[in-house]
């Protein structure tokens, strides 16, 4: 392994780019290289950087060859790479190569579901403490391949193994992150399989190596022993994911065993004073190894300020917030925009007093990481309404809770005291007012719709929207965009997604407005930087609540209250203290030019305050960076101004925008109707203008769901779609026959002009899209996107009477461009004319010409 130790700001991504460039220049095909990072977002950013690198050198043969492969090359997370390795070696492991991957929240929910079931069957229906312990064990799976109980934990571990066996039996064809790690370690027992992975990916680039867990580290070590050339970049000082089972010891062991270790020590991010502070910090708290001290290359002097508020802790903490607000206002007066400032905290519990002070001072702010977006009241209101859409009467306990939430939500806004008799009844339905019954029946109708459409109708309910804030309405727009990208097959899947995401503390909340000072935790700031960074409430201590059980890297399990637990607790506390220092380093290193630190004096200072005192930057220090403020010397902030009761119109209200060629949000089909001659899509003798729309809608719906035209039940169900309700009985029969004929035509194309469904490695139907292009956001739905081998196909189904592919070039060009930008996939775009049983491909050149001609 070649390992780069890269302190903050020293260019680790550029280093990886240089390593990849050297490989490509040396004749290694891009398809033989895998690049992994900590998140999917950072992996895709790496792909974009590679693409720009290749574009810049496209005159070279190696770059042109790599450009042909860049969209299909493997840039992914470590779990994504494990999944790819398992697919290549599935026969050796007795694994279905078509297994699906689910995210960690869904996997954990399935495990807990099996745990509840087993506890019920074994006579423990109400055992929240057991469930908590089982969940804690499940979350520690990445520490060791197998658990060993220490005295007192034998019974719990036996129960856990029974639950895990049930969970594995249920998830044989779909794997979560922990399952991928466990399966990947099976490769170690199959040298031939491991060699096959090494042959497929001869070179592996690993970013953020300090964040790997013990099982991932073991897997990477096995790949290296099998012949894979590994180049890794990381920084042990930035290992801050202990709660996700990352262990800095994995990095340290890799560094000790690496063939070559290189240190990156020139920071391009930090001004001189920030560099001085970082070097003081690393010299005091980290081992004197190469790479810990950095050399600044910028000429900017920069500034470091440490402010301590003297007084009782809680009062001082509020005064500290006022002091920080005043300092930010002073920096704005110096010409620094609020958007170039960030305030970092160790825990979200520090934010409420700070937000109050910023509002009073008139400092705009956004929360980069706040309350879980999915726990917002307006999102939960939609969740409860969707639950009632599927609920059977009489309502079960959980459905009754959703009923209560729905009745008092902005959908109805009822006073529950008026419905007390109904809510106490075994079956409340007969006692509910007629209007409430009608509203609940309206919810049940949503169950017949596609999941995204059901969510959209609730989120667009006019009465609901009138009763919620502008910010809440913006959150619902975001929810629809997020749901559109998740591809839910059923309403139950959508509900499970909403429930799990509500538990995710890192879900991004939509900011309050378009700009301002960014407020977020240090974990949320990882990988980011700002010209001005403030650290607020550095005196806050760690959580006092010890975990219910402990697991060490050897897999030993100890329960709270046992002697074994007390022994492991000392090691766990040591690890927490060391990570607190690394967390502080990450926070300090986010600042480019100006670093503000504020704290309050405390008799029990937290680890950050203790570290600053050890650096000579405490309240009693004489350092020129340090300034103290008595509590009474910090003036109160003025009250938050109230909006006038009768505000005068803004000066821009009479303005009128200039006419545009197209609306800011537009669809390709609307553009076609506006720009081109009407297409002849009606059948002979058709007099109803909605007929063609109904035929197209039903055919697309049936194809997306693989409905059999000979299945009378499925075909009859089509007539319950909204587009078919406007027609009379005879017309509906004729409509159904035409749809059936088109579906038969579609089926005749499969295994001929179209690849059969079973030959498709990936197959996605009705994908929604949004694509900004030439001043307009284009939206639409991709009929079909699928992969056969390494080739991607984008099919658009047409029910037109005439074959006129030139009319749809612009539409397909937009769809192809959206797929390329969103997924990095170059798909072959084709029109599938069902009436004519004809597939018409459109070349990339003519599609590009259609875009240019807009």
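In the UniProt record's numbering, the protein residues as written are 1 to 854.
Glycine residues also receive a C-beta, built at the ideal position from the N, C-alpha and C atoms.
In this text the structure is predicted, and so the values were computed from the model without any measurement.
Can you tell me where the beta strand (DSSP E) holding residue 73 begins and where it ends? No beta strand (DSSP E) holds residue 73; DSSP gives it neither H nor E.
Locate the alpha helix (DSSP H) running through residue 383, then write down its first and last residues. Its alpha helix (DSSP H) spans residues 377-390.
Report all residues from its chain with a CB closer than 8 Å to the CB of residue 109; omit the five preceding and five following residues, and keep chain order. So the qualifying residues of the chain are 496, 499 and 500.
Would you report the Cα separation of residue 768 and residue 73, rounded to the nearest angstrom? Rounded to the nearest angstrom, the two C-alpha atoms are 25 Å apart.
Take residue 183 and list the residues in its own chain whose beta-carbon comes closer than 7 Å to its own, dropping the five residues that flank it on each side. The residues are 86, 93, 95 and 175.
Could you tell me the distance, in whole angstroms, from the CA atom of residue 322 to the CA atom of residue 293? Answer to the nearest angstrom: the Cα atoms are 35 Å apart.
Closer than 8 Å to chain C by CB, residue 598: The chain inventory of the structure shown lacks chain C, comprising one protein chain alone.
With three or more C-beta pairs closer than 8 Å as the rule, is the stretch 831-847 touching the stretch 792-808? With the cut-off at 8 Å, the stretch 792-808 and the stretch 831-847 touch.
By DSSP, does residue 652 sit in helix, in strand, or in coil? Looking at residue 652 - three-state DSSP - the assignment turns out to be coil, as it is neither helix nor strand.
Span of the alpha helix (DSSP H), counted from its first residue to its last, around residue 542: Careful: residue 542 lies outside any alpha helix (DSSP H) and carries neither H nor E.
Between 467, 164, 492 and 64, which lies nearest to residue 115 when the distance is taken from Cα to Cα? It is 164.
Identify the residues that DSSP records as bridge partners of residue 597: which are they? Listed as beta-bridge partners of residue 597 by DSSP are 306 and 535.
Determine the burial state of residue 651: buried for a count of at least 16 other Cβ atoms within 10 Å of its Cβ, exposed for fewer. Exposed.
Count the other CB atoms, across all protein chains shown, that sit within 10 Å of the CB of residue 8; report buried if there are 16 or more and exposed otherwise. Looking at its Cβ environment, which holds 16 or more other Cβ atoms inside 10 Å, residue 8 is buried.
Expressed to the nearest angstrom, what Euclidean distance is found between the alpha-carbon atoms of residue 655 and residue 342? Answer to the nearest angstrom: the Cα atoms are 35 Å apart.
So residue 841 is in the beta strand (DSSP E); what residue range does that whole segment cover? Unbroken beta strand (DSSP E) run through residue 841: 838-841.
Three-state class that DSSP yields for residue 526 in the structure shown: In the structure shown, residue 526 sits in coil (DSSP, three-state: anything other than H, G, I, E or B).
Rounded to whole angstroms, what's the CA-CA distance from residue 19 to residue 25? Just pull it up for me. About 10 Å.
For residue 37, the three-state DSSP class (helix, strand or coil): It is a strand residue.
Is DSSP giving residue 167 helix, strand or coil here? Residue state, collapsed to three classes: helix.
I need the boundaries of the alpha helix (DSSP H) containing residue 19, first residue and last residue. From DSSP, the alpha helix (DSSP H) with residue 19 extends over 12-25.
Environment of residue 148 [buried if 16+ CB atoms lie within 10 Å]: The residue is exposed, with fewer than 16 neighbouring Cβ atoms inside 10 Å.
Report the option in 518, 776, 451 and 42 whose CA atom is closest to the CA atom of residue 493. For the options 518, 776, 451 and 42, the alpha carbon positioned closest to that of residue 493 is the one of 451.
Evaluate contact between the stretch 572-582 and the stretch 234-244, counting only Cβ atoms and requiring at least three cross-stretch pairs below 8 Å. The stretch 572-582 is in contact with the stretch 234-244.
Which value, in whole angstroms, describes the spacing of the CA atoms of residue 405 and residue 422? One alpha carbon belongs to residue 405, the other to residue 422, and they sit about 15 Å apart.
Go through the stretch 161-234 residue by residue and report every complete run of the beta strand (DSSP E) that reaches 3 residues or more, in order. Every unbroken stretch of the beta strand (DSSP E) spanning 3 or more residues and falling wholly within the stretch 161-234 is given here in chain order: 203-206 and 229-234.
Between residue 711 and residue 703, what straight-line distance do the alpha-carbon atoms span, to the nearest angstrom? It is roughly 13 Å from the alpha-carbon of residue 711 to the alpha-carbon of residue 703.
According to DSSP, is residue 630 helix, strand or coil? Three-state DSSP puts residue 630 in a strand.
For residue 672, which option in 601, 807, 68 and 774 has the closest C-alpha, if you only look at C-alpha atoms? Ranking 601, 807, 68 and 774 by Cα distance to residue 672 puts 807 first.
Name, in chain order, the residues that DSSP records as bridge partners for residue 345. Residue 345 is bridged to 521.
Counting along the chain, where does the beta strand (DSSP E) carrying residue 264 start and finish? Segment 260-264, the beta strand (DSSP E) holding residue 264.
Using 8 Å as the Cβ pair cut-off and three pairs as the minimum, do the stretch 390-401 and the stretch 357-364 touch? Touching, no.
If you reduce the DSSP assignment to three classes, tell me which class residue 799 lands in. Three-state DSSP puts residue 799 in coil, outside helix and strand.
Would you grab the beta carbon distance between residue 246 and residue 212 for me? Rounded to a whole angstrom, and I think it's under 8 Å. Confirmed, about 6 Å.
N- and C-terminal bounds of the beta strand (DSSP E) containing residue 764: Annotation: the continuous beta strand (DSSP E) that includes residue 764 extends over 762-773.
Contacting residues, own chain, Cβ-Cβ under 6 Å from residue 219 (five flanking each side not counted): The beta carbon of residue 219 sits closer than 6 Å to those of 184, all from its chain and outside the five residues before and after it, given in chain order.
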